[in-house]
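Numbering (the numbering used here), first residue to last: 9 to 300.
What follows is a short report on a single structure.
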Amino acid sequence: MIMKKTTSILLILISLIFAAGCKTKAVESQDITLIYIDEKTINHFGTYPWTRDKYALFIDAIYKKYNPKVVYFDIIIDLPSKETPQLDKKLFKSVKGKNNLVFCTALSDKEINNRHYKAFHIPKKQVVHTPVFSSNGGLFPLKEIVDNGGIVSISSLPPGVKGQYNNFPAVYDIKGHMYVSTPIMLYSLYKNISVKNLKFSLNQMYANSQKMPLNETGFIKINFNYSFKKFSYVSVIKGDVDSSLINNKIIIVGKNAIGLSVKFPTKVSLQFNGSELVACATQTLLYALKKK
9 MIMKKTTSIL LILISLIFAA GCKTKAVESQ DITLIYIDEK TINHFGTYPW TRDKYALFID
69 AIYKKYNPKV VYFDIIIDLP SKETPQLDKK LFKSVKGKNN LVFCTALSDK EINNRHYKAF
129 HIPKKQVVHT PVFSSNGGLF PLKEIVDNGG IVSISSLPPG VKGQYNNFPA VYDIKGHMYV
189 STPIMLYSLY KNISVKNLKF SLNQMYANSQ KMPLNETGFI KINFNYSFKK FSYVSVIKGD
249 VDSSLINNKI IIVGKNAIGL SVKFPTKVSL QFNGSELVAC ATQTLLYALK KK
């Protein structure tokens, strides 16, 4: 009886570990650090959303006190401020001259339900463009961010089987033009590879002759078995984070304060933070290509 009970408990534990995507064996990333607008940050700066000078403050601080390889804002900064346009200008000034600063854009619901997520059958010499979308009613970064050199990448993704988000598009087909997704953009900047130099064959993508880990429909199959160092947004501004955890790394800036973070159902969690999902997709590329 005791043996049967013990066996049952073990089976339950094994099932739970499997369902959790074996997170107990998560590999800690040496390439990516997550910075969150968290409760500590909200307590410091006040209620969100903020005026744009709070973003400028972070950008100025991280580039002055640290040496990040890439900084990605997983936050859509769209629509000009009618009340404080002068504070928008502080952000534009901070963006200027940064050639490794990336901002998020998203596709509308109509576009998400359209054809942009179909397998990409791209000719070998197809040119891939860097998005230069600017604000025209929401979802896209402010035009001045692009005008001052900010890089834009697309982070929209469609649900898959059972409504779960387990795969990330590699590229998007928008009006006949191909645009890389955020994980591909972050990988390219981190490895100093121009997106224009990425090579294609049917449903596959190559970087420096290395085949990227895409599935049969051209999506990144996300490996969720990674963990990441996480720090508060305000801690970076104060310079309280060890420089070794930011220098030469991909820095993903997101939100995880109560009521602010965007959650996605995945095979490992029904409430998976969107910024961490981007991090896992990017790390999937880095780890798979590093092994080759």
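Backbone N, C-alpha and C define an ideal beta-carbon position, used for all residues, glycine too.
Closest Cα partner of aspartate 155 within the set Ser102, Ile260, Ile83, Asn175: The residue given as residue 155 occupies position 147 in the sequence shown. That would be Ser102, whose Cα lies nearest to the Cα of aspartate 155.
Looking only at its own chain, which residues have a Cβ that is under 8 Å from the Cβ of lysine 298, when we skip the five neighbours before and after it? The residue given as residue 298 occupies position 290 in the sequence shown. Counting only Cβ-Cβ distances below 8 Å, and skipping sequence neighbours, we find nothing.
Compute the distance between the beta-carbons of glycine 262 and phenylalanine 272, then report whether it is under 7 Å. As a position in the sequence shown, residue 262 is number 254, starting the count at 1. As a position in the sequence shown, residue 272 is number 264, starting the count at 1. No, they are not a contact pair.
When you compare only the Cα positions, how much space is there between glycine 247 and glutamate 224? Residue mapping note: residue 247 aligns to position 239 of the sequence shown, counting from 1. Residue mapping note: residue 224 aligns to position 216 of the sequence shown, counting from 1. Looking at the two C-alpha atoms, the distance is approximately 44 Å.
On the criterion of 16 or more Cβ atoms from any shown chain inside 10 Å, does cysteine 30 qualify as buried, or is it exposed? Position 22 of the sequence shown, counted from the first residue, corresponds to residue 30. Residue confidence is low: cysteine 30 scores 47 on pLDDT, short of 50, so the model does not pin down where it sits. No coordinate-derived value is stated.
Integer Cβ distance of threonine 49 from tyrosine 241, believed to fall under 8 Å: Residue mapping note: residue 49 aligns to position 41 of the sequence shown, counting from 1. Residue mapping note: residue 241 aligns to position 233 of the sequence shown, counting from 1. Indeed they touch by this definition, with Cβ atoms about 4 Å apart.
Tell me the DSSP secondary structure of aspartate 96 in three-state form. Working through the sequence shown from its first residue, we reach residue 96 at position 88. Looking at aspartate 96 - three-state DSSP - the assignment turns out to be helix.
Nearest chain B C-beta to lysine 104 closer than 7 Å, yes or no? Absent here is chain B; the protein component of the structure consists of one chain.
Considering only DSSP beta bridges, list what asparagine 281 is partnered with. Mapped onto the sequence shown, residue 281 falls at position 273. Per DSSP, Lys271.
Please state if the CB of aspartate 39 and the CB of isoleucine 258 are separated by a distance shorter than 7 Å. Numbered from 1 along the sequence shown, position 250 holds the residue referred to as residue 258. Numbered from 1 along the sequence shown, position 31 holds the residue referred to as residue 39. Yes.
Taking the alpha-carbon positions, what's the leucine 65 to isoleucine 153 distance? Residue 65 sits at position 57 when you count from the first residue of the sequence shown. Residue 153 sits at position 145 when you count from the first residue of the sequence shown. For leucine 65 and isoleucine 153, the distance between alpha carbons rounds to 15 Å.
Would a C-beta distance cut-off of 7 Å place isoleucine 228 and threonine 274 closer than the cut-off? Here residue 228 corresponds to residue number 220 of the sequence shown, with the count starting at 1. Here residue 274 corresponds to residue number 266 of the sequence shown, with the count starting at 1. For isoleucine 228 and threonine 274, no; Cβs fall outside 7 Å.
Return helix, strand or coil for serine 163, following the three-state DSSP convention. If you number the sequence shown from 1, residue 163 lands on position 155. In the structure shown, serine 163 sits in coil (DSSP, three-state: anything other than H, G, I, E or B).
Reference threonine 113; option with closest CA among Ser89, Tyr80, Ser202: Mapped onto the sequence shown, residue 113 falls at position 105. It is Tyr80.
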